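Novice: I'd like to ask you about the structure that follows.
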Amino acid sequence: MTLTGSCMCGGITYAVEADTYLSALCHCTDCQKWTGGAFTSNAVVPRTSFKLTKGTPNTYDVVGNSGKVNKHSFCPTCGSGLYTELEVMPDNTVIKAGTLDGGEANLKGKIDIEFYVKDRPTYLAAVEGAKQEPMFG
Ligand SMILES: [Zn+2]
Ligand SMILES: [Zn+2]
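Going by this note's numbering, the residue at position 23 of the sequence shown is 460; the numbering climbs one at a time, nothing skipped.
So this is what it looks like as structure tokens:
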């Protein structure tokens with residue numbers, strides 16, 4: 438299965454060859470600051486399956502609670518956050534699901550896990566059936 442995605446302006450596109458992926462919400466304060474939203478929704482895919490097909494993102498490195506670097510890739514033109522690469526997950530690319538095309542932002546209607554639920558806004562409920570991790574796990 439090929440998944441495709443793009444930023445808001447279309448300057449950057451990507452493709453992923455993956456039959457399945459882990460779906461994860463992250464409520465950490467870095468995700469909140471980076472997106473301006475309450476949390477990020479993510480499709481975690483093998484890093485080798487992820488290919489940029491147009492454009493070159495800018496990157497911004499943040500040191501996470503792990504002490505390791507979390508690299509954030511975003512469109513230099515429109516600012517869309519596209520994906521992150523975490524030193525603690527060297528074999529994965531963490532796609533920001535809102536950039537997926539064709540309705541895949543819905544993540545097939547299923548969330549596997551929620552991270553940093555300690556920082557989840559109190560107006561949001563836990564997703565039923567999703568593993569709840571206070572921090573990264
Ligand atoms: Zn863009
Ligand atoms: Zn996060």
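Yeah, the Cβ is synthetic: ideal placement off N, Cα and C, and Gly gets one too.
Just so you know, these numbers come straight off a predicted model, no measurement behind them.
(1) Please say whether T450 and G491 have beta carbons closer to each other than 8 Å?
(2) By DSSP's criteria, K545 is part of a beta bridge. Which residues make up the other side?
(3) Flag I532 as yes when its Cβ comes closer than 7 Å to any non-hydrogen atom of ligand 1, and as no otherwise.
(4) On the three-state DSSP scale, how would you describe G505?
(5) Would a C-beta distance cut-off of 8 Å place Y458 and A480 closer than the cut-off?
(6) Grab me the residues of R484's own chain with a C-beta within less than 6 Å of its C-beta, minus the 5 sequence neighbours each way, in chain order.
(7) Are the Cβ atoms of N507 and G516 separated by less than 8 Å?
(8) Pull up the CB-CB distance for T466 and G518, whole angstroms please, since I reckon it's below 8 Å.
Specialist: So, from the data block:
(1) Correcting the residue type first, residue 491 is Lys in the shown sequence and not Gly. In contact: K491 and T450 (Cβ atoms closer than 8 Å).
(2) Answer is none; K545 lacks a bridge partner.
(3) No - ligand 1 has no heavy atom lying nearer than 7 Å to the Cβ of I532.
(4) The sequence given here places Lys at residue 505; Gly does not occur at that position. DSSP places K505 outside both helix and strand once states are collapsed to three, so it counts as coil.
(5) yes
(6) D528, N529, T530
(7) no
(8) Not really, about 15 Å apart at Cβ, beyond 8 Å.
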